[in-house]
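Let me begin by presenting the structure, written as structure tokens, before commenting on it.
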Amino acid sequence: MYTVSASTLRQVISRALFPIVSLMLIGACCIIPISQAVSSFSEDFEEKVIEGDGPGKILVIPVNGVITDQDTANFFGPSEESTVASVTSQLNRARKDDSLSAVILKVNSPGGGVTASDIIYREILEFKKAKNIPVVAVFMDMAASGGYYISMAADRVYAHPTSITGSIGVIFGLVNVKEGLDKIGIKDYSITSGDNKSIGSPTREMTEQQQKILQSIVDDLYQRFVTIVKAGRPDLSREQILKLADGRVYSANQAKSNGLVDDVGYFDEFVKATTSLPNYKGPKGVEKPKIVIYTRSSRELDNIYQASTAESPDLNRIIKQLVFPGSSARFYFLWTP
Numbered sequence: 030m031y032t033v034s035a036s037t038l039r040q041v042i043s044r045a046l047f048p049i050v051s052l053m054l055i056g057a058c059c060i061i062p063i064s065q066a067v068s069s070f071s072e073d074f075e076e077k078v079i080e081g082d083g084p085g086k087i088l089v090i091p092v093n094g095v096i097t098d099q100d101t102a103n104f105f106g107p108s109e110e111s112t113v114a115s116v117t118s119q120l121n122r123a124r125k126d127d128s129l130s131a132v133i134l135k136v137n138s139p140g141g142g143v144t145a146s147d148i149i150y151r152e153i154l155e156f157k158k159a160k161n162i163p164v165v166a167v168f169m170d171m172a173a174s175g176g177y178y179i180s181m182a183a184d185r186v187y188a189h190p191t192s193i194t195g196s197i198g199v200i201f202g203l204v205n206v207k208e209g210l211d212k213i214g215i216k217d218y219s220i221t222s223g224d225n226k227s228i229g230s231p232t233r234e235m236t237e238q239q240q241k242i243l244q245s246i247v248d249d250l251y252q253r254f255v256t257i258v259k260a261g262r263p264d265l266s267r268e269q270i271l272k273l274a275d276g277r278v279y280s281a282n283q284a285k286s287n288g289l290v291d292d293v294g295y296f297d298e299f300v301k302a303t304t305s306l307p308n309y310k311g312p313k314g315v316e317k318p319k320i321v322i323y324t325r326s327s328r329e330l331d332n333i334y335q336a337s338t339a340e341s342p343d344l345n346r347i348i349k350q351l352v353f354p355g356s357s358a359r360f361y362f363l364w365t366p
């Protein structure tokens with residue numbers, strides 16, 4: 030019987046897959062040096078008018094893709110700023126603009142990390158306290174799980190007719206390959222300081238007690254999610270939310286019928302509705318207020334969430350995440366169909 034440690038096993042598989050993945054990368058494009066993939070930090074945001082020339086100014090902040098607190102380096106260009114850093118930076122910039130009338134969060138996300146989602150939720154609440162202007166969430170294709178979580182900080186929640194939302198719940202993804210490894214004579218003899226130190230390892234069977242430990246964490250995070258929804262949808266009782274929060278997704282009309290969103294329509298209608306909110310800092314009911322976004326080709330370090338270095342697109346790291354997803358396991362507010 031041949032035995033190896035878990036780390037050695039991962040190295041063996043990584044080396045075996047290296048030629049295949051390398052050919053795929055070479056065939057796709059020439060690789061830009063990693064040193065060029067790191068953003069510079071010299072310029073602040075620039076305001077760009079998207080449409081409208083009437084009185085009042087509404088900032089649109091996009092929240093796209095998986096919500097994360099980790100920058101991602103790219104082979105083919107500058108590193109991609111994390112969702113937390115991007116949203117926080119734009120909110121910080123907006124705090125300095127006394128002419129701003131409202132903020133619209135344009136959400137198109139399946140959710141993401143529990144902590145990343147929670148940080149953005151709190152940043153929005155703090156912004157509202159500081160500025161006392163409306164923050165409205167508008168759902169695009171999807172605002173599921175963590176995407177819905179962050180939207181609970183908004184004063185109004187709107188969805189397009191074809192939006193998908195809901196997925197109120199928590200997931201901790203684990204894969205176990207022990208049975209497959211046993212068939213080819215490979216065993217994991219990792220030495221741990223306690224019975225639960227290797228909890229969730231893909232190369233070891235999980236005990237019933239260990240399952241209960243992880244389930245208790247999932248349950249705790251789930252209850253927090255429900256509490257956040259209750260704060261954002263005060264007309265719903267906790268019992269009503271619990272019935273809705275079984276992880277399923279909802280169409281826009283279903284979400285409205287169940288009280289998860291305020292209205293269903295289109296962006297121009299939501300803009301007009303925003304101008305009628307009580308704390309809107311501008312003329313009420315304006316048809317075409319100025320709609321702006323913030324853009325920049327590079328970024329200035331202006332909040333703590335930008336302090337982390339972008340993850341390098343290292344081949345071993347990519348293979349490790351593909352083959353052993355449990356090795357970088359996290360708790361997520363995420364819809365993963």
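Residue numbers (this note's numbering): 30 to 366. Think of the CB as a built atom: it goes at the ideal place given N, C-alpha and C, for glycine as much as any other residue.
Check	Outcome
Leaving out the 5 sequence neighbours to the left and right, which residues in its chain are closer than 6 Å to ASN287 when beta-carbon positions are compared?	LEU273
Quick one: grab the DSSP three-state call for ILE322.	strand
In the DSSP assignment, what residue or residues form a beta bridge with ARG185?	VAL165
Using only alpha-carbon positions, find the residue among GLY276, VAL78, ASP170 that is nearest to LEU129.	VAL78
Enumerate in chain order the residues of its own chain whose CB-to-CB distance from LYS310 is below 6 Å, with the five nearest sequence positions on each side excluded.	SER130, ILE162
SER219: buried (16+ other C-beta within 10 angstroms of its C-beta) or exposed?	exposed
Considering ALA131, what are the terminal residues of the beta strand (DSSP E) in which it resides?	131-138
Report the CB separation of VAL247 from PHE296 in whole angstroms; it is logged as a contact under 8 Å.	No, VAL247 and PHE296 are not in contact; Cβ-Cβ is about 35 Å, not under 8 Å.
On the criterion of 16 or more Cβ atoms from any shown chain inside 10 Å, does LYS160 qualify as buried, or is it exposed?	buried
Going by CA-CA distance only, name the one from GLY85, SER196, LEU134 that's closest to ARG185.	LEU134
Is the beta carbon of MET169 sitting closer than 9 Å to the one on SER146?	no
Among the candidates SER245, LEU203, PHE254, ASP249, whose CA atom is the shortest distance from the CA of GLY229?	LEU203
Note down the Cα distance separating PRO91 from LEU271, rounded to an integer number of angstroms.	29 Å
Run the CB neighbour count on TYR361, radius 10 Å, all protein chains shown included, and call it buried at 16 or more, exposed below.	buried
Can you tell me whether DSSP reads ALA173 as helix, strand or coil?	strand
Which complete alpha helix (DSSP H) runs does the region 278-307 hold, if anything under 4 residues is left out?	281-286, 296-303
In or out: GLN119 buried (at least 16 other Cβ within 10 Å) or exposed?	buried
Quick check: the Cα distance between ARG359 and LYS226, rounded to an integer number of angstroms?	16 Å
Could you give the DSSP three-state label for LEU88: helix, strand or coil?	strand
Just the C-alpha distance for ILE149 and LEU88, rounded to the nearest angstrom, thanks.	17 Å
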